[in-house]
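Trainee: Sharing a structure below in structure tokens format, with a few things to ask.
2 protein chains.
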Amino acid sequence: MKVGIVGGGQLGRMLGLAGIPLGIECEFLDSSATAPAAAVGKIHVGQLDDEAAILSLAQRVSTLTTEIENISTAAFSGAARYCSVAPRPEAVAAAQDRLIEKTLFRQLGIETAPFVALSKPGDLDQVSVNADWPKIIKTRRLGYDGRGQAVVRSHSELAHAYKNLGAVPSIIEDWIGFDRELSLIGVRDRAGAIRFYPLCENVHINGILSTTVAPYDDSRLQLQAETSVARIMNHFDYVGVLTVEFFHTAGGLVANEMAPRVHNSGHWTIEGAETSQFENHLRAVTGLPLGSTKVRGCAAMLNLVSHMPDRPRVLQHEGVHLHDYGKSARPDRKLGHCTLVDDDRKTLISRLEALQSLIVKPNS
Amino acid sequence: MKVGIVGGGQLGRMLGLAGIPLGIECEFLDSSATAPAAAVGKIHVGQLDDEAAILSLAQRVSTLTTEIENISTAAFSGAARYCSVAPRPEAVAAAQDRLIEKTLFRQLGIETAPFVALSKPGDLDQVSVNADWPKIIKTRRLGYDGRGQAVVRSHSELAHAYKNLGAVPSIIEDWIGFDRELSLIGVRDRAGAIRFYPLCENVHINGILSTTVAPYDDSRLQLQAETSVARIMNHFDYVGVLTVEFFHTAGGLVANEMAPRVHNSGHWTIEGAETSQFENHLRAVTGLPLGSTKVRGCAAMLNLVSHMPDRPRVLQHEGVHLHDYGKSARPDRKLGHCTLVDDDRKTLISRLEALQSLIVKPNS
């Protein structure tokens, strides 16, 4: 069985790794022939918004999916002429645009931060000078890892920030005071069966995910998150893995954004769950039965950003699982991650802290 | 870091899969360009006893290792001119020849079944007509999965069996009454540090491994096995994974054979141990620190032999981990395996039995 994946980054690499034992061969579309997924399957070099390239990949495979949301959804949709396509192109399109995404959340009764659309410069006037500040301005499209957004502390800063972000269609959101960021990863198969992993607790540094610890044990929040994610999935007749990031506020969960794909906050499932998010995504999109999402103890994931630590030094840390994406180092680039698994949460956290202090670059 | 592996079968494939997250790229020598390892790295097509082919691979990598014992040890040894080589060629040579292997076991004080060398037809006379029967005749070289051996029930059958096996240098061994077959997998790094996995209990059908369940919990036997394996490793200044198969008899463990490589009875370590045998072999041969061999509950491995079962049917079995080697079906060929992990041994066994009855071919 052959699966085409739009994008050949680390998510593609880990999808490919999960596919091989299942007898699923992955091929990738990526702008670079040496993308991380090159280690696990054929790369077709092309742009992710190149319709012809996506359609050409579709003709080589039995199922087409994506590891990234910023692709040509027109081509992704058109690919259905040649092979099965999952998830629904409409879900990918919604995740590309914060206004569509948040409007959908509201329609589905999923709480979001109050927001106003800034579609043209004149819309800035809709934001009252006397509003609560700070707010956060986010471009509707192409924002990730903290890019395409800025904190705005007053109305006078707003026009400047809008211009700085390129004066592109944006939204301005109320600043939500939250205790932590949580994410929920679910997977839905073709028949509509859904399985959830437990809530993950995420810590960002400079807008980039730094650590995830799972499970975040709160049955009330787990239920709230599952209800929200199930609504989105059922709305789209979604097939595959879907991730939603939430703010945990005093009033419960507030949805921030969704990713129509496997997600960085789910990397711990490779070692920490019976079936990884990568395997379950492939199972779902190829029509195979979903695997157990049962967790094995607690897990912690630590992203390796900007530089790779000394490999022997990391590996001598007992029980560490290293995932090197095979990328060249660059500031703020995710180059790999480490996972720790433990039966005891407290021990896990202290092991994570020890690992963190081990990998900090001496001069950073 | 690039590792060359002589052989590109399923063991090579799983070594390659373990290497990718570590940032280790594997290249393989195999007689087939479509060998199982082709999914995870470049295959150089050539025979495993072709010295030039082995030396050519050695010049492309920083470390050379093997996933099979029947290779040209002269070339494997000569490769040290170009790269580091592990394990020691002498250990591979010993594992190629049952007479050398068993003689070594005796020299190291490791109990074996009583045996007599049959180097030429005249040696058959050394076996007394009045000896205890049955005995088992095994060719010194190239025996695996039950091939190259025969049970002999009387002296009159001996000459016939010897001829049947090609009248090649062989040994004849006393038939050892045993309760079960156990294997021990150890890994030794360049500095001489050794780690062991727990004893595995193996069941063969028609001479081919069918199931492994681990750990086999017996601290006295574990110690005896560890002592034996450590002696062999230290004798060779061994680097990498070494497996020894034992008969568990009323008097304790009797060593049967060794494999200077990762082993079918250790496939469960992918899901059932902190660090798999594959990752630990790569860590050892590349000079990285060894990973934890701690087990996670109990694990059962079921080989998929001769035909692949229906994939959706297997995967709907909760918690099953499928490993498809990507091989075409052929009688008695190992095509894949399944692993189950459970905290409770009794539950594990009943799940294994359910899985076994699920995958039995209706007409077999």
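Line by line, the protein sequences are chains A and B. Each residue of the first sequence is one higher than the one before, starting from 0 at the first, in numbering that gives the first Met the number 0. Each residue of the second sequence is one higher than the one before, starting from 0 at the first, in numbering that gives the first Met the number 0. Where is the CB? At the ideal position from N, CA and C, for every residue including glycine. Since the model is a prediction, treat every value here as computed from it, not as a measurement.
Rounded to whole angstroms, how far is the Cβ of G265 of chain A from the Cβ of T242 of chain A, which I believe are closer than 8 Å?
Mentor: As a first step, residue 265 of chain A must be located in the first sequence, where it is residue number 266. As a first step, residue 242 of chain A must be located in the first sequence, where it is residue number 243. Between T242 of chain A and G265 of chain A the Cβ distance is about 7 Å, and since that is below 8 Å, they are a contact.
Trainee: Is the beta carbon of H159 of chain A less than 9 Å from the beta carbon of S127 of chain A?
Mentor: What you label residue 159 of chain A is simply residue 160 of the first sequence in a count that begins at 1. What you label residue 127 of chain A is simply residue 128 of the first sequence in a count that begins at 1. Not closer than 9 Å, so no.
Trainee: Is V5 of chain A close to chain B, meaning its C-beta is less than 9 Å from at least one C-beta of that chain?
Mentor: Locating residue 5 of chain A in the first sequence gives position 6, counting from the first residue. No, V5 of chain A lies away from the interface with chain B (no Cβ there is under 9 Å from its Cβ).
Trainee: Given that S291 of chain A touches chain B, what residues does it touch there, using C-beta distances under 7 Å?
Mentor: In the first sequence, counting from the first residue as 1, residue 291 of chain A sits at position 292. E317, G318, listed in chain order.
Trainee: For H203 of chain B, count the other beta carbons within 10 Å of its own beta carbon; 16 or more makes it buried, fewer makes it exposed. Which is it?
Mentor: Counting from one through the second sequence, the residue named residue 203 of chain B turns up at place 204. By the neighbour-count rule (16 or more Cβ atoms within 10 Å), H203 of chain B is not buried but exposed.
Trainee: Could you please give me the residues that DSSP links to C337 of chain A through a beta bridge?
Mentor: Translated into the one-based positions of the first sequence, residue 337 of chain A becomes position 338. BP columns for C337 of chain A point to A:L301, A:L321.
Trainee: Using a Cβ-Cβ cut-off of 9 Å, state whether S349 of chain A counts as contacting chain B.
Mentor: The residue given as residue 349 of chain A occupies position 350 in the first sequence. Not an interface residue.
Trainee: How many Å lie between P308 of chain B and Y81 of chain B at the Cα?
Mentor: For the purposes of this step, residue 308 of chain B is taken as the residue at position 309 of the second sequence. For the purposes of this step, residue 81 of chain B is taken as the residue at position 82 of the second sequence. If you take the alpha carbons of P308 of chain B and Y81 of chain B, they lie about 44 Å apart.
Trainee: If S66 of chain B and G3 of chain B are in contact, beta carbons under 8 Å, what's the gap, nearest whole angstrom?
Mentor: Translated into the one-based positions of the second sequence, residue 66 of chain B becomes position 67. Translated into the one-based positions of the second sequence, residue 3 of chain B becomes position 4. Residue identity differs from the one stated: residue 66 of chain B is Glu in this sequence, not Ser. No, E66 of chain B and G3 of chain B are not in contact; Cβ-Cβ is about 11 Å, not under 8 Å.
Trainee: Using alpha carbons as the reference points, say which of B:K1, B:N201, B:L314, B:A37 lies closest to L56 of chain B.
Mentor: As a position in the second sequence, residue 56 of chain B is number 57, starting the count at 1. Ranking the options by Cα distance to L56 of chain B, first place goes to B:K1.
Trainee: From the beta carbon of S363 of chain B, is the nearest beta carbon of chain A less than 9 Å away?
Mentor: Stepping through the second sequence from its first residue, residue 363 of chain B is reached at position 364. Unreliable placement is indicated for S363 of chain B, whose pLDDT of 44 sits below 50; no coordinate value is reported for it.
Trainee: With a 10 Å radius around its C-beta and 16 neighbouring C-beta atoms as the bar for buried, classify R339 of chain B as buried or exposed.
Mentor: To locate residue 339 of chain B, count along the second sequence from 1; it is residue 340. The question names Arg, but residue 339 of chain B is Leu in the sequence shown. Flag for L339 of chain B reads buried.
Trainee: Which class does E156 of chain B belong to by DSSP, given the choice of helix, strand or coil?
Mentor: Within the second sequence, the letter at position 157 stands for residue 156 of chain B. Three-state result, E156 of chain B: helix.
Trainee: What are the boundary residues of the beta strand (DSSP E) that V240 of chain A is part of?
Mentor: As a first step, residue 240 of chain A must be located in the first sequence, where it is residue number 241. Its beta strand (DSSP E) spans residues 239-248.
Trainee: Go to R179 of chain A, then tell me how far its beta strand (DSSP E) extends in each direction, as first and last residue.
Mentor: Residue numbering aside, residue 179 of chain A sits at position 180 when the first sequence is read from its first letter. Element bounds for R179 of chain A: 179-187.
Trainee: Using 9 Å as the threshold, is the C-beta distance between L303 of chain A and G325 of chain A below it?
Mentor: Numbered from 1 along the first sequence, position 304 holds the residue referred to as residue 303 of chain A. Numbered from 1 along the first sequence, position 326 holds the residue referred to as residue 325 of chain A. Not a contact, by the Cβ cut-off of 9 Å.
Trainee: From the DSSP secondary-structure annotation, give me the bridge partner or partners of D29 of chain B.
Mentor: Position 30 of the second sequence, counted from the start, is the residue given in the question as residue 29 of chain B. Bridge partners of D29 of chain B: B:V44.
Trainee: With respect to the beta strand (DSSP E) encompassing I67 of chain A, which residues constitute its N-terminal and C-terminal limits?
Mentor: Locating residue 67 of chain A in the first sequence gives position 68, where the first residue counts as 1. It is not in any beta strand (DSSP E) - I67 of chain A carries neither H nor E in the DSSP assignment.
Trainee: Got a sec? Which residues, its chain only, sit under 6 Å from C199 of chain A by beta carbon, not counting five neighbours each side?
Mentor: Taking the first residue of the first sequence as position 1, residue 199 of chain A is located at position 200. Only S182, T211, A213, S264 meet the Cβ criterion.
Trainee: Nearest by alpha-carbon distance to E89 of chain A: which of A:W267, A:V238, A:L281 is it?
Mentor: Here residue 89 of chain A refers to the residue found at position 90 when the first sequence is read from its first residue. The shortest Cα separation from E89 of chain A among A:W267, A:V238, A:L281 belongs to A:V238.
Trainee: In chain A, which residues lie with their C-beta within 8 Å of the C-beta of P288 of chain B?
Mentor: As a first step, residue 288 of chain B must be located in the second sequence, where it is residue number 289. The contacting residues are P311, L314, Q315.
Trainee: May I have the straight-line CA-CA distance separating I404 of chain B from P86 of chain B, to the nearest angstrom?
Mentor: Lying before the first or after the last residue shown, residue 404 of chain B is absent from chain B, which here runs from 0 to 363.
Trainee: Starting from S169 of chain A, trace the alpha helix (DSSP H) both ways and give me its first and last residue.
Mentor: Position 170 of the first sequence holds residue 169 of chain A. Element bounds for S169 of chain A: not the alpha helix (DSSP H) but the beta strand (DSSP E), 169-173.
Trainee: Using a Cβ cut-off of 7 Å, pull out every chain B residue sitting near D323 of chain A, in sequence order please.
Mentor: Locating residue 323 of chain A in the first sequence gives position 324, counting from the first residue. Within 7 Å Cβ-Cβ: P20, L21, G22.
Trainee: What does a CB cutoff of less than 7 Å around V115 of chain A pick up in its chain, not counting 5 residues either side in sequence?
Mentor: Position 116 of the first sequence, counted from the start, is the residue given in the question as residue 115 of chain A. If we look at V115 of chain A and ignore the five residues flanking it on each side, its Cβ neighbours are Q125, V126, I170, I171.
Trainee: Taking the alpha-carbon positions, what's the E50 of chain A to D29 of chain A distance?
Mentor: Numbered from its first residue, the first sequence carries residue 50 of chain A at position 51. Numbered from its first residue, the first sequence carries residue 29 of chain A at position 30. Those two C-alpha atoms are separated by around 13 Å.
Trainee: Determine the DSSP secondary structure at Q221 of chain A, reduced to helix, strand or coil.
Mentor: Residue mapping note: residue 221 of chain A aligns to position 222 of the first sequence, counting from 1. Residue state, collapsed to three classes: helix.
Trainee: Note down, in chain order, every chain B residue with its Cβ under 8 Å from the Cβ of L16 of chain A.
Mentor: Locating residue 16 of chain A in the first sequence gives position 17, counting from the first residue. Going along chain B in sequence order, the residues near L16 of chain A (Cβ under 8 Å) are L16, I19, P20.
Trainee: Does chain B have any CB closer than 9 Å to the CB of G121 of chain A?
Mentor: Position 122 of the first sequence, counted from the first residue, corresponds to residue 121 of chain A. No, because no Cβ of chain B sits closer than 9 Å to the Cβ of G121 of chain A.
Trainee: Whose C-beta lies closer than 7 Å to the C-beta of P361 of chain A among residues of the same chain, with five residues either side of it excluded?
Mentor: Locating residue 361 of chain A in the first sequence gives position 362, where the first residue counts as 1. Here the model assigns P361 of chain A a pLDDT of 49, short of 50, so the residue's position is not dependable, and the following value carries that caveat. Excluding residues within five positions, none has a Cβ falling inside 7 Å.
Trainee: To the nearest angstrom, how far is it from the Cα of R194 of chain B to the Cα of L10 of chain B?
Mentor: The residue labelled residue 194 of chain B in the question sits at position 195 within the second sequence. The residue labelled residue 10 of chain B in the question sits at position 11 within the second sequence. In a straight line, the C-alpha of R194 of chain B is about 20 Å away from that of L10 of chain B.
Trainee: Give me, in chain order, the residues of the same chain whose beta-carbon lies closer than 8 Å to that of S349 of chain A; leave out the 5 immediate sequence neighbours on both sides.
Mentor: Working through the first sequence from its first residue, we reach residue 349 of chain A at position 350. The answer is none, since no qualifying residue turns up.
Trainee: Counting only beta-carbon atoms, is A299 of chain A nearer than 9 Å to chain D?
Mentor: Protein chains in the displayed structure are A and B, and chain D is not among them.
Trainee: Can you name the start and end residues of the beta strand (DSSP E) that Q148 of chain B belongs to?
Mentor: For the purposes of this step, residue 148 of chain B is taken as residue 149 along the second sequence, with counting starting at 1. Per DSSP, Q148 of chain B belongs to the beta strand (DSSP E) from 148-151.
Trainee: Taking only beta-carbon positions, decide if R152 of chain B is within less than 9 Å of chain A.
Mentor: Walking along the second sequence from the start, residue 152 of chain B turns up at place 153. Output row for R152 of chain B: interface = no.
Trainee: Flag V340 of chain A as yes if its beta-carbon sits less than 9 Å from any beta-carbon of chain B, otherwise no.
Mentor: Against the first sequence, residue 340 of chain A aligns to sequence position 341. Cβ-Cβ to chain B under 9 Å: yes for V340 of chain A.
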